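*Asks:*
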Amino acid sequence: MKENFLALVLAAGEGTRFKSDRIKVLHTLMGKSMLRLVLDCIFKLRPEKIYVVVGYQKEAVMKEAQSEKIGFVIQRRQLGTAHAVLAAKEILKKESNKNLLIVNADLPLLRKETLKPFLDLHKKEGNSLTFLSADVNNPTGFGRVLRSGDKIEKIIEEKDASASQRKIKEINAGVYLFRIKDLLKALPKVSNQNKKGEYYLTDVIEILINQDKKVGLYKASRPEEVIGINDRYELAKAVEILRERKIKSLAEDGVTVYDPSTTWIDLDVKIGRDTTIYSSAIIEGKSVIGNQCQIYPFVHIIDCKIGDRVKILSSTMIEGSRIKDEAQVGPFTHFRPKTVVQEGAKVGNFVELKNTVFGKKSKAGHLTYLGDCKVGGKVNIGAGTITCNYDGFKKHRTLIEEGAFIGSGTELVAPVRVGKNAYVGAGSTISKNVSSESLAVSRSRQVEKPGWMRKKDKRKKKR
Ligand code: UD1
Ligand code: CA
9 MKENFLALVL AAGEGTRFKS DRIKVLHTLM GKSMLRLVLD CIFKLRPEKI
59 YVVVGYQKEA VMKEAQSEKI GFVIQRRQLG TAHAVLAAKE ILKKESNKNL
109 LIVNADLPLL RKETLKPFLD LHKKEGNSLT FLSADVNNPT GFGRVLRSGD
159 KIEKIIEEKD ASASQRKIKE INAGVYLFRI KDLLKALPKV SNQNKKGEYY
209 LTDVIEILIN QDKKVGLYKA SRPEEVIGIN DRYELAKAVE ILRERKIKSL
259 AEDGVTVYDP STTWIDLDVK IGRDTTIYSS AIIEGKSVIG NQCQIYPFVH
309 IIDCKIGDRV KILSSTMIEG SRIKDEAQVG PFTHFRPKTV VQEGAKVGNF
359 VELKNTVFGK KSKAGHLTYL GDCKVGGKVN IGAGTITCNY DGFKKHRTLI
409 EEGAFIGSGT ELVAPVRVGK NAYVGAGSTI SKNVSSESLA VSRSRQVEKP
459 GWMRKKDKRK KKR
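According to this note's numbering, the sequence shown is numbered sequentially starting from 9.
1) Looking at the structure shown, is Met325 part of a helix, part of a strand, or coil, going by DSSP?
2) Which two residues bound the contiguous alpha helix (DSSP H) that contains Glu248?
3) How would you call Gln336, buried or exposed, if buried means at least 16 neighbouring beta carbons within 10 angstroms?
4) Tell me whether Asn3, by its Cβ, gets closer than 7 Å to a heavy atom of ligand 1.
5) For the alpha helix (DSSP H) that Arg462 lies in, which residues bound it at each end?
6) Quick test of your reading: Ile309 and Ile291, contact by CB under 8 Å. State the CB separation rounded to the nearest angstrom.
7) Since Gln336 sits in a beta bridge, which residues does DSSP pair it with?
8) Enumerate in chain order the residues of its own chain whose CB-to-CB distance from Val153 is below 8 Å, with the five nearest sequence positions on each side excluded.
9) In angstroms, rounded to a whole number, what distance separates the CA positions of Glu56 and Arg240?
10) I need the boundaries of the alpha helix (DSSP H) containing Phe401, first residue and last residue.
11) Would you mind reading off the limits of the alpha helix (DSSP H) that contains Asn218?
12) Can you have a look at Ile82 and say buried or exposed, based on whether 16 or more other CB atoms are within 10 angstroms of its CB?
13) Can you list, in chain order, every residue whose CB sits closer than 6 Å to a heavy atom of ligand 2?
14) Do three or more CB pairs link the stretch 338 to 348 to the stretch 388 to 395 at distances below 8 Å?
15) Would Thr270 and Ile285 qualify as a contact pair, given that the criterion is a beta-carbon distance under 8 Å?
16) Helix, strand or coil for Thr24 per DSSP?
17) For Ala92, report the span of its alpha helix (DSSP H) as first-last.
18) Can you list, in chain order, the stretches of the beta strand (DSSP E) that have 3 or more residues and sit fully within the stretch 151 to 210?
19) Taking the alpha-carbon positions, what's the Thr24 to Lys32 distance?
20) Apart from the five residues just before and just after Glu334, which ones in its own chain have a Cβ nearer than 8 Å to its Cβ?
21) Would you say the beta carbon of Val81 comes nearer than 7 Å to a heavy atom of ligand 1?
22) Pull the bridge partners of Glu72 from the DSSP assignment, please.
23) Taking the alpha-carbon of Ser436 as reference, which of Ser450, Val265 and Arg230 has the nearest alpha-carbon?
24) For Lys461, count neighbouring C-beta atoms within 10 Å of its own C-beta (all shown protein chains included) and say buried if the count is 16 or more, exposed if not.
25) What does a CB cutoff of less than 6 Å around Leu258 pick up in its chain, not counting 5 residues either side in sequence?
26) Would you say Ile213 touches ligand 1, meaning its beta carbon is less than 7 Å from a heavy atom?
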């Protein structure tokens, strides 16, 4: 069931304190943009629709937010947060009996658990406006909540505050719930006569109070949640909090993470019960890891799907690949995208696979490159085997059928096929297909010259 409110996310500002070529709200934390995190949080509250105010780099912002449940409003010049809301005036006019949740887009730590009671309070108190506040240790940069006694008076922005007002530790979080009718009446009264010369949305609070409208606030119990990200250091601090949250939620679901301070697990990553993650592992993107896996130190996983009881040994880097149940990978293994390792296979030291399906219970233990290759079950790939898959113009495929044995130091010049249960002698350069069950050896025959060294010595002495 949908609640009776709309949401408006303010994301038109550049975020100059980031000193970046990219708009602030598209910077990412643990694999997700600031904007996406805010939108995901609001989605959980089930508004009727979310509008995003865009301006600076609007094409990129719209691309990131794109969804049928999201509408866009363009603010051509960024003249302040009240001005940003005014950009949505025409839409809001048609919905004047509803409520509007306004959220600054630089609040990636916001949680539904905080916003839900905030929405409930607004309804319960029948407020014209309810806003979110928090008591913080360092209020620098925030708007402060001014009160006389218990009564809220107004919000004063940092730049316009006196020295004594700056000591106030209760800050405005940048999250508001308005009765749209009242908001629309108050907005045109906002002026830009302040230190920044901007139209402040926060001025609406005093305007509504002067009109005897009911203004309430909800104080967030966890102040870290409402920290607006204005620069890259604040971003790093927010990442720390998100990382902690992710690891805590994994732990609650039965995942062991030995060293949270060195482990990085992106927010979208899913990990099953009884899986253990050792220190300094990095797991990124939309990776999914099954139950009872062991992920050893310095493993880097990007967008991989990993089954149950898989072991990934130290210093392995795998991307866009799939590893099925009970396989073992590493140490020092590299999978480039589109690699599939079937059940129970072993891929070991200094082996690189690319766009390769590696069969059930097959083994490639040492120093091997397989590219554009299909390997059947129970194949043994000897140390130093290399597919020569690129002829300088095109990539070609190699097929190694079930049960084949590839001796060490073999070069497989693609396109080529090694048949079922065939045997390739060590050191061969295979450029023609090998039929099933046969032996192929292509190295030159060994030549031996008895006593050659002794004769050589005699020649030396003669000279
Ligand atoms: C704002 C609040 C401040 C509060 C703080 C919380 C105002 C005037 N001040 O300050 O009281 O403590 O957030 O983090 O609102 N934006 C637009 N168009 C504009 C200007 C801004 O869309 O013309 C967007 C920005 O992209 C940003 C959000 O509004 O996502 C807030 O703007 P920002 O400049 O970060 O406001 P603060 O100075 O942090
Ligand atoms: Ca801000």
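All residues carry an ideal CB built from backbone N, CA and C; glycine is no exception. On a predicted model such as this, the values are computed, not experimentally measured, just so you know.
*Replies:* Checking against the coordinates, here is how it stands:
1) Reading the sequence shown from its first residue, position 317 is the one you call residue 325. Secondary structure at Met325: strand, using DSSP grouped into helix, strand and coil.
2) As a working note, residue 248 is residue 240 in the sequence shown. Note, Glu248: alpha helix (DSSP H), Arg240 to Glu260.
3) Here residue 336 refers to the residue found at position 328 when the sequence shown is read from its first residue. Classification of Gln336: buried, given that the 10 Å Cβ count is 16 or more.
4) Since the displayed the chain opens at 9 and closes at 471, residue 3 lies outside it and no answer follows.
5) The residue labelled residue 462 in the question sits at position 454 within the sequence shown. Element bounds for Arg462: Trp460 to Lys470.
6) In the sequence shown, residue 309 corresponds to position 301, counting from 1. In the sequence shown, residue 291 corresponds to position 283, counting from 1. Contact holds; Cβ gap of about 5 Å.
7) For the purposes of this step, residue 336 is identified with residue 328 of the sequence shown, where counting begins at 1. Gln336 is bridged to Lys319 and Lys354.
8) As a first step, residue 153 must be located in the sequence shown, where it is residue number 145. Taking Val153 as the centre and dropping the five residues before and after it, the same chain places the C-beta of Ser141, Ile160, Ile163, Ile176, Glu178, Ile179, Asn180 and Leu225 closer than 8 Å to its C-beta, in chain order.
9) The sequence position of residue 56 within the sequence shown is 48, counting from 1. The sequence position of residue 240 within the sequence shown is 232, counting from 1. In a straight line, the C-alpha of Glu56 is about 33 Å away from that of Arg240.
10) Within the sequence shown, residue 401 is the residue found at index 393, counting from 1. Judged by DSSP secondary structure, Phe401 falls outside any alpha helix (DSSP H); it is assigned neither H nor E.
11) Translated into positions along the sequence shown, residue 218 becomes position 210. From DSSP, the alpha helix (DSSP H) with Asn218 extends over Asp211 to Asn218.
12) Here residue 82 refers to the residue found at position 74 of the sequence shown. Exposed, because fewer than 16 other Cβ atoms sit within 10 Å of the Cβ of Ile82.
13) This criterion selects Asn112, Asp114, Gly236 and Asn238.
14) no
15) By one-based count along the sequence shown, residue 270 stands at place 262. By one-based count along the sequence shown, residue 285 stands at place 277. No. Outside cutoff.
16) Against the sequence shown, residue 24 aligns to sequence position 16. It is helical.
17) Residue 92 sits at position 84 when you count from the first residue of the sequence shown. From DSSP, the alpha helix (DSSP H) with Ala92 extends over Thr89 to Leu94.
18) 152 to 156, 159 to 164 and 178 to 187
19) Taking the first residue of the sequence shown as position 1, residue 24 is located at position 16. Taking the first residue of the sequence shown as position 1, residue 32 is located at position 24. Cα to Cα, the separation comes out at about 8 Å.
20) On the sequence shown, position 326 is the one that residue 334 refers to. Residues Gly315, Asp316, Arg317, Val318, Glu351 and Gly352 of the same chain have their beta carbon placed closer than 8 Å to that of Glu334, with the five preceding and five following residues left out of the count.
21) The residue labelled residue 81 in the question sits at position 73 within the sequence shown. Checking the Cβ of Val81 against ligand 1 gives no.
22) On the sequence shown, residue 72 is found 64 positions in, with the first residue counted as 1. Per DSSP, Glu72 has no beta-bridge partner at all.
23) Within the sequence shown, residue 436 is the residue found at index 428, counting from 1. Nearest C-alpha to Ser436: Ser450.
24) If you number the sequence shown from 1, residue 461 lands on position 453. It is Met, not Lys, that sits at residue 461 in the sequence shown. Classification for Met461: exposed.
25) In the sequence shown, residue 258 corresponds to position 250, counting from 1. Closer than 6 Å at the Cβ level, and outside the excluded window around Leu258, lie Ile279.
26) Residue 213 sits at position 205 when you count from the first residue of the sequence shown. Not under cutoff, so the answer is no.
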